[in-house]
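Asks: Encoded as structure tokens, here's the structure I'll be asking about.
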Amino acid sequence: MSPQLAVRVSGVTKDFAFGEERLRVLHGIDVSVRAGELTYLVGESGSGKTTLISIMAGILFPSAGAVEVFGTDLYTLSDRDLVRFRLATIGFIFQQYNLIPSLTAAENAAVPLIAAGTPREVAVAQARELLHRLNIGTQCDKLPRQLSGGQQQRVAIGRALIHAPRLVVCDEPTAALDAGSGRRVMDLLRDVALAADRAVIVVTHDNRIFDLADRILAMEDGRITHDGKHMPKDH
Amino acid sequence: MKWIAIRMLTGDRVKFAGLVFGVVFSTLLITQQLTIFVNLLLRGAAAVHEVPSADIWVMDPAGRTPDVTVPLPATSLQRVRGVAGVAWAAPLMRAGASVRTPDGALEPVTVVGVDDATLTGLPRTVQLGRRAALREPDAVFIDAMGARRLFGTERGALDQRLELNDRRAVVRGIVDSEPTFTNSVMLYTRYANALEFLPGSRNRLSFILVQAQAGANPFAVARQITAATGLRARVAGDFAQDGIDYIIDNTGIPINFGITVALGVIVGIAIVGLTFSLFIRDNIRQFGALKAIGVTNGTIRQMVAAQSALVALIGYGLGLALAIGFLELGRIYSDAFKGFYTPWQIPLIAAVMVACMILLTGLIALRQVLRTEPAEVFR
Ligand SMILES: Nc1ncnc2c1ncn2[C@@H]1O[C@H](COP(=O)(O)OP(=O)(O)OP(=O)(O)O)[C@@H](O)[C@H]1O
Ligand SMILES: [Mg+2]
């Protein structure tokens, strides 16, 4: 049985307008991401990684082309349904964590559940459990500013995973961490977020963690130029 | 999600305090200034309110307010008494004079001469002394505030001698009178005495106070008085309004208070608007993250609304409490605030203004959040 498709990107282009001029950032991308795999998106700065992952995650409209996530054609949904779809199906991990400073670690991690209508106590209790699994159970009641960068990143991972989304997208999740913490974060992601019917996509520059990928997609100037288990020799 | 919004706001102590301060400032300024404004205006009607038994005030056709008087011939009184529908008519004199105080200084006063027979025109409450003492020769009653101003205390004023336009007068009573716009010392005496105190031409009758017969329409009686005598006759309520209108038309008070209230609103909007924008800007990545995660614009609206409402409620409550507190303090420590009260319309006006302020600034803040693309949080 061939593995399930998590994301199918077909003919996606993206243009940004600079006044009169239009700059093409993605040139007709066709690529699929398989469930059960930890997929990296790598490439030089400006090659279009963030743009592509944003389009895959349903937060940036492509100029042309289509994106299917677990069979749902994202950009034919109404705005409202697209927001609902993201809430139910996609988890986000940002480089800058973007935790809410006045909420505790557990409350921050509980946000997606609360947004989906779960009562606060239930959501926070569930978040505590998850933070235990992420090895920061003792930090549940601290505010983000009382945590180290690595701990904040785990809280952010907790927030991305709390509602068991089938697709998790991360943009530079390890850029602000030392090598050891970075590798532990990737191990955690693999343990908690990956399953036969779930996928994780990671945008990264960080060659210290390249060996942890199941698959690496490399980008150059808005095109995918490499697809394999390892990095191409010239990188 | 509303509690998250509230926690975001209250967690940022400095900006939360700034927002609340802006609303407190506006509420305080609006409430306090409008209160002073309204009460000052009401003082234009004080003389009318002081004689509730008079339905109609009759005066010279050129007369306008209780404080702007033109003397009538003494014969007018009999003519008014002869008009059908008049139950009784009493003379009233209101005139400026000056008294020499015990320490020798001259102090301007308003002398009110009331009807010898009925004492109509004397304030209802005599705080010290007996009402009948006004019938003694040379007797005057002084208002409590004036007593304190001239003699230090109310009790100290009793039985004191005064030189009123160089004639001897003795203070026999202290009355509680409504302060007038000019806040001058009030001396009440019998009409016959007043004629002695205020020498001059024969015509010194300022007003004729009229009560309409039971069942008669005061407006109709007033028209009949005018028709029969050629004098101006105003129903008490209208005449009270004349006194207020006179202040509005002839002083800079409405403009000055209007400017202060407008400044209160503008400065409040500036403080709240800027602080709200700063708060949103500081939290824009968090809002963006929420939008990416899957919080709908509808929920974002509710969140910003909850934040606005909290600021409005706390700021308004505190501002109102402060305004009332200041007024109470003023009443305790200064005669200038005597009789001041806050009509219920004023907190309502302040509430409406604060609501508009918060709505405006909240909408601007909301626009900032709604315009944020969720994709921006990946940058
Ligand atoms: N909102 C935008 N408006 C205009 N141009 C944009 C916008 N977002 C991205 N770009 C341009 O698109 C190109 C690709 O940007 P993108 O952020 O996808 O690159 P990246 O591969 O993620 O780079 P980095 O590794 O530096 O994050 C860049 O040239 C960038 O300037
Ligand atoms: Mg990027």
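These protein sequence lines map, in sequence, to chains W and P.
Position one of the first sequence corresponds to residue 1 (full-length UniProt numbering), numbered consecutively onward.
Position one of the second sequence corresponds to residue 1 (full-length UniProt numbering), numbered consecutively onward.
Beta carbons: idealized from backbone N, C-alpha and C, even for Gly.
1. Chain W beta carbons: is any one of them nearer than 8 Å to that of A365 (chain P)?
2. List, from N- to C-terminal side, the beta strand (DSSP E) runs of 3 residues or more that fit wholly inside the segment 148-228 of chain P.
3. Please report the residue range of the alpha helix (DSSP H) in which I90 (chain W) lies.
4. I need the straight-line Cα distance from V168 (chain W) to R84 (chain W), nearest angstrom please.
5. Beta carbon of K229 (chain W): closer than 7 Å to some heavy atom of ligand 1?
6. Tell me which residues of the segment 41-68 of chain P have at least one Cβ-Cβ distance to chain W shorter than 9 Å, keeping chain order.
7. Could you give the C-beta distance for F197 (chain P) and V175 (chain P), rounded to a whole number, given that I count them as a contact under 8 Å?
8. Comparing the CB of F61 (chain W) with every heavy atom of ligand 1, is any distance shorter than 7 Å?
9. Run the Cβ filter for me: residues under 5 Å from any heavy atom of ligand 1, listed in the order they occur in the chain.
10. Pick from P:R161, P:I30, P:Q78, P:Q368: whose alpha carbon is nearest that of Q286 (chain P)?
11. Going by the CB atoms, is the gap between A139 (chain P) and E154 (chain P) shorter than 8 Å?
12. Between which residues of its own chain and T65 (chain P) is the CB-CB distance below 6 Å, once the five residues before and five after are set aside?
13. Please report the distance separating the alpha-carbon of M1 (chain W) from that of A195 (chain W).
14. Report yes if the CB atom of I114 (chain W) is closer than 8 Å to the CB atom of A123 (chain W), and no otherwise.
15. To the nearest angstrom, report how far apart A312 (chain P) and I201 (chain W) are at their CA atoms.
16. Measuring alpha carbon to alpha carbon, tell me which residue in W:E107, W:Y75, W:A17, W:R24 is nearest R8 (chain W).
17. Determine whether the beta carbon atoms of A305 (chain P) and P374 (chain P) lie at a separation below 8 Å.
18. Inspect the beta-carbon positions of residue 236 (chain W) and I157 (chain W) and report whether they are closer than 8 Å.
19. In terms of residues, what are the limits of the alpha helix (DSSP H) holding S26 (chain P)?
20. Let me check understanding here. Comparing Cα to Cα, which of P:V70, P:P91, P:D166 lies closest to I56 (chain P)?
21. Below 8 Å on the Cβ atoms is my contact criterion, and I expect S47 (chain W) with M219 (chain W) to pass it. Report the Cβ-Cβ distance as a whole number of Å.
22. I'd like to confirm the pairing. Which residues does DSSP put opposite R34 (chain W) in its beta bridges?
23. By the DSSP assignment, the alpha helix (DSSP H) with Q153 (chain W) in it spans what residues?
24. Examine ligand 2 and report whether any of its heavy atoms sits within less than 7 Å of the Cβ of V203 (chain W).
25. K14 (chain W) by DSSP, collapsed to three states: which one?
26. Within 8 Å (strictly less), CB to CB, does M1 (chain W) reach chain P?
27. Kindly say whether G11 (chain P), judged by its beta-carbon, lies nearer than 8 Å to any beta-carbon of chain W.
28. Can you find a C-beta in chain W that's less than 8 Å from the C-beta of T296 (chain P)?
29. Between which two residues does the alpha helix (DSSP H) holding D249 (chain P) run?
30. If the cut is a Cβ gap below 7 Å, which residues of chain W does P374 (chain P) touch?
31. Along the beta strand (DSSP E) that carries residue 380 (chain P), what are the first and last residues, could you check?
Replies: A quick look at the data gives this:
1. Indexing the second sequence from 1 puts residue 365 (chain P) at position 365. Not one chain W Cβ lies under 8 Å of A365 (chain P).
2. Here the runs fully enclosed are 161-164, 167-175, 185-190, 207-212.
3. Position 90 of the first sequence, counting from 1, holds the residue named residue 90 (chain W). Careful: I90 (chain W) lies outside any alpha helix (DSSP H), inside the beta strand (DSSP E) at 90-93.
4. Within the first sequence, the letter at position 168 stands for residue 168 (chain W). Within the first sequence, the letter at position 84 stands for residue 84 (chain W). Taking the straight line from one Cα to the other gives about 16 Å.
5. The residue you call residue 229 (chain W) lines up with position 229 of the first sequence. No, Cβ of K229 (chain W) sits at least 7 Å from all heavy atoms of ligand 1.
6. none
7. Working through the second sequence from its first residue, we reach residue 197 (chain P) at position 197. Working through the second sequence from its first residue, we reach residue 175 (chain P) at position 175. Rounded, the Cβ-Cβ distance is 17 Å, inconsistent with contact.
8. To locate residue 61 (chain W), count along the first sequence from 1; it is residue 61. Placement of the Cβ of F61 (chain W) at a distance of 7 Å or more from every heavy atom of ligand 1 is found.
9. W:F16, W:V25, W:S45, W:G46, W:S47, W:G48, W:K49, W:T50, W:T51
10. As a first step, residue 286 (chain P) is located in the second sequence; it is residue number 286 there, counting from the start. Answer by Cα proximity: P:Q368.
11. Walking along the second sequence from the start, residue 154 (chain P) turns up at place 154. Walking along the second sequence from the start, residue 139 (chain P) turns up at place 139. No, they are not a contact pair.
12. Taking the second sequence and counting its residues from 1, the one referred to as residue 65 (chain P) is at position 65. Taken in chain order, the residues that qualify are D242, G243, Y246.
13. As a first step, residue 1 (chain W) is located in the first sequence; it is residue number 1 there, counting from the start. As a first step, residue 195 (chain W) is located in the first sequence; it is residue number 195 there, counting from the start. Legend: pLDDT at M1 (chain W) = 46, less than 50; position of this residue unreliable, no value from coordinates given.
14. By one-based count along the first sequence, residue 114 (chain W) stands at place 114. By one-based count along the first sequence, residue 123 (chain W) stands at place 123. For I114 (chain W) and A123 (chain W), yes; Cβs fall inside 8 Å.
15. Residue 312 (chain P) sits at position 312 when you count from the first residue of the second sequence. Residue 201 (chain W) sits at position 201 when you count from the first residue of the first sequence. Approximately 44 Å, taken between the alpha carbons.
16. Residue mapping note: residue 8 (chain W) aligns to position 8 of the first sequence, counting from 1. It is W:Y75.
17. On the second sequence, residue 305 (chain P) is found 305 positions in, with the first residue counted as 1. On the second sequence, residue 374 (chain P) is found 374 positions in, with the first residue counted as 1. Not closer than 8 Å, so no.
18. Because chain W here runs from 1 to 235, residue 236 (chain W) falls outside it and cannot be looked at.
19. Residue numbering aside, residue 26 (chain P) sits at position 26 when the second sequence is read from its first letter. 13-42 is the span of the alpha helix (DSSP H), which, as asked, contains S26 (chain P).
20. Start at 1 with the first residue of the second sequence, and residue 56 (chain P) comes out as number 56. When only C-alpha atoms are compared, the closest one is P:P91.
21. Taking the first sequence and counting its residues from 1, the one referred to as residue 47 (chain W) is at position 47. Taking the first sequence and counting its residues from 1, the one referred to as residue 219 (chain W) is at position 219. Yes, they are in contact, since the Cβ atoms of S47 (chain W) and M219 (chain W) sit about 4 Å apart, within 8 Å.
22. Indexing the first sequence from 1 puts residue 34 (chain W) at position 34. Looking at the DSSP assignment, R34 (chain W) forms a beta bridge with W:L5.
23. In the first sequence, residue 153 (chain W) corresponds to position 153, counting from 1. Residues 149-161.
24. Position 203 of the first sequence, counted from the first residue, corresponds to residue 203 (chain W). With a threshold of 7 Å, the Cβ atom of V203 (chain W) counts as near ligand 2, since some heavy atom of the ligand is closer than that.
25. The residue labelled residue 14 (chain W) in the question sits at position 14 within the first sequence. K14 (chain W) falls in the strand class under three-state DSSP.
26. Residue numbering aside, residue 1 (chain W) sits at position 1 when the first sequence is read from its first letter. Confidence at M1 (chain W) is low in this model, with a pLDDT of 46, below 50, so its placement is unreliable and no value can be given for it.
27. Taking the first residue of the second sequence as position 1, residue 11 (chain P) is located at position 11. With 8 Å as the cut-off, G11 (chain P) counts as an interface residue toward chain W.
28. Locating residue 296 (chain P) in the second sequence gives position 296, where the first residue counts as 1. Interface residue, yes.
29. Working through the second sequence from its first residue, we reach residue 249 (chain P) at position 249. Element bounds for D249 (chain P): 236-250.
30. To locate residue 374 (chain P), count along the second sequence from 1; it is residue 374. Within 7 Å Cβ-Cβ: I59.
31. The displayed coordinates of chain P run from 1 to 379. Any statement about residue 380 (chain P) would go beyond what the structure contains.
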